[in-house]
Ligand code: COA
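Residue numbers (our numbering): 802 to 1139.
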C-alpha cells in the first residue's frame, strides 16, 4: 500500500494483515462414475463428452455422503496438512449450492462435526464462483482483525440436483469437497507477501435464465433441478473470466509472466484453455482436473489446488491465480502467494 502525497522514491509500504495458506485438503466420494457407465444411462458417448468438455469421470456421493460429510472430511485433511487442530479455527465459511438442509447451514454442521463450539460459521452461495467468494470473504474477516484462522470450504453434491435423463447436463457435474486453512499474519504490504494479494468479485443477475435451479423453498417448496443453456454459458464464460483475471493482475501489480499456476474453476477444458490462451498464460502453468472430477461447482478449485499441491507443483512462495464463473452470473478471481 502506498501512502499518497509522497514521491515514488520516498513512498513507504505499510505493513498489513495477509491471509496466508496454512493447509489444504480435499475429499471425494467413494463411487466413481465413468463416461462409459453414463453411456448406459443416457444417449451419449465417451468420445462426445471428452471432445466437448474434457471430462472422463466424476465422483457421485451416496446417501450417507452428504455435503456436510464431504466438507468435514476435507476440513479434517486441511487441518492435518496445516498441523492445526479444530480448536485453532475461529471462522468457517462454506461455499455450497447443495446444502444438506435449507437450514441450519452446512457450515454449522461441519463446525459441529469438527467439535468446534466457538467462533462463527456460515454458508455462502455463489454457485460455481462460491469458493472464490468464500476466499474473498474470509480474507476480509481476517484482514479486519476480528478472526485469526479460517476454514474456507467448497463442498457440493450436485448429483442430487441433476436430471439424470438430461444428457445435456448430467454428464457435466460431479460431487466432492475441498478446504483451505487461512491464517492472519502480518505482511509487508507488497506483492512479495505470502497470502491473498487481491480478490475481484462480480455478479450480474440479468443472466439468471442461462444457468439456474428451477425450484427452491421460497418459490416451489421443492429443491428443483439444474437447468442450463450450455452454449450460452460458454459464450460468456471466456470474456468474463479473462476480464476479472486481468483486473487481479492490475490490482496486485503482477503479470501473467510472474504467475506460477493458473487454477480455474473446472467446468470445461475448452473454456479453461481458451481463457489461458487469451490471458497469455502458458499451457504448462494451467492446472486441469476436470478430466477426473467433472464440474464440482464450488468444490472444483480447492480440489484442483489440493491435487497440484500434493503432486509437488504448487510450492511455498508460488503465485497462484484462481478464478470462476457460475450461475447468476457470478464470477471472480483471487491471487494467492502460497
Ligand atoms: N452426448 C451426446 N450429444 C449431446 C450431449 C451429450 N451428453 N449433450 C448435447 N448433445 C448434442 C446436442 O443435442 C446437440 O445436438 P444437435 O446438434 O443435434 O442439436 C449437439 O450435441 C451439440 O450441442 P451443443 O450444446 O451445441 O454442444 P456444445 O459444443 O456447446 O457443448 C456443452 C455443450 C454443455 C458441453 C458446452 O456448451 C459447455 O460446456 N458449456 C458451458 C457449460 C458450463 O461450463 N457450465 C457450467 C458453468 S459453471
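For each residue, glycine too, the CB sits at the ideal point set by N, CA and C. Owing to the predicted nature of the structure, the values given are computational and were not obtained by experimental measurement.
Reduced DSSP category for residue i - H, G, I as helix; E, B as strand; rest coil
{"i": "residue 958", "result": "strand"}
{"i": "residue 924", "result": "strand"}
{"i": "residue 1067", "result": "coil"}
{"i": "residue 1144", "result": "Here the chain comprises residues numbered 802 to 1139, so residue 1144 is not present and cannot be evaluated."}
{"i": "residue 1131", "result": "strand"}
{"i": "residue 1110", "result": "helix"}
{"i": "residue 911", "result": "helix"}
{"i": "residue 833", "result": "strand"}
{"i": "residue 1126", "result": "strand"}
{"i": "residue 1045", "result": "helix"}
{"i": "residue 842", "result": "coil"}
Beta-carbon gap between residue i and residue j smaller than 9 Å
{"i": "residue 1060", "j": "residue 1120", "result": "yes"}
{"i": "residue 1129", "j": "residue 1009", "result": "yes"}
{"i": "residue 960", "j": "residue 999", "result": "no"}
{"i": "residue 882", "j": "residue 948", "result": "no"}
{"i": "residue 877", "j": "residue 826", "result": "yes"}
{"i": "residue 936", "j": "residue 953", "result": "yes"}
{"i": "residue 987", "j": "residue 1011", "result": "no"}
{"i": "residue 929", "j": "residue 1066", "result": "yes"}
{"i": "residue 830", "j": "residue 976", "result": "yes"}
{"i": "residue 939", "j": "residue 983", "result": "yes"}
{"i": "residue 957", "j": "residue 1098", "result": "yes"}
{"i": "residue 867", "j": "residue 901", "result": "yes"}
{"i": "residue 1025", "j": "residue 1017", "result": "yes"}
{"i": "residue 968", "j": "residue 843", "result": "yes"}
{"i": "residue 1091", "j": "residue 1114", "result": "no"}
{"i": "residue 911", "j": "residue 873", "result": "yes"}
{"i": "residue 824", "j": "residue 885", "result": "yes"}
{"i": "residue 869", "j": "residue 951", "result": "no"}
{"i": "residue 1080", "j": "residue 1055", "result": "no"}
{"i": "residue 1105", "j": "residue 1122", "result": "no"}
Whole-angstrom distance between residue j and residue i, CA atom to CA atom
{"i": "residue 1100", "j": "residue 934", "result": "12 Å"}
{"i": "residue 805", "j": "residue 1064", "result": "Confidence in residue 805 is poor, its pLDDT being 46 and thus under 50, which makes the residue's placement too unreliable to answer from."}
{"i": "residue 1005", "j": "residue 1133", "result": "12 Å"}
{"i": "residue 880", "j": "residue 979", "result": "12 Å"}
{"i": "residue 802", "j": "residue 997", "result": "Residue placement at residue 802 is poorly supported in this model, since its pLDDT is 46, which falls under 50; the coordinates are not used for a value here."}
{"i": "residue 817", "j": "residue 995", "result": "11 Å"}
{"i": "residue 807", "j": "residue 991", "result": "Unreliable placement is indicated for residue 807, whose pLDDT of 46 sits below 50; the coordinate value is still reported in the next sentence. Rounded to the nearest angstrom, the two C-alpha atoms are 17 Å apart."}
{"i": "residue 1070", "j": "residue 914", "result": "35 Å"}
{"i": "residue 1116", "j": "residue 1139", "result": "7 Å"}
{"i": "residue 907", "j": "residue 865", "result": "15 Å"}
For residue i: DSSP bridge partner residues
{"i": "residue 895", "result": "924 and 954"}
{"i": "residue 1137", "result": "997 and 1121"}
{"i": "residue 818", "result": "987"}
{"i": "residue 827", "result": "979"}
{"i": "residue 1062", "result": "1121"}
{"i": "residue 1087", "result": "1063"}
{"i": "residue 1032", "result": "Per DSSP, none; premise fails for residue 1032."}
{"i": "residue 859", "result": "834"}
Closer than 8 Å: residue i CB and nearest the ligand SAH heavy atom
{"i": "residue 1094", "result": "In the structure shown, the ligand SAH is absent; the only ligands present are the ligand COA."}
Exercise for the section: Any chance you could list the beta strand (DSSP E) runs of at least 3 consecutive residues sitting entirely within the region 959 to 1028, in chain order? Expected result: Runs of the beta strand (DSSP E) inside the region 959 to 1028: 976 to 988, 996 to 1004 and 1012 to 1014.
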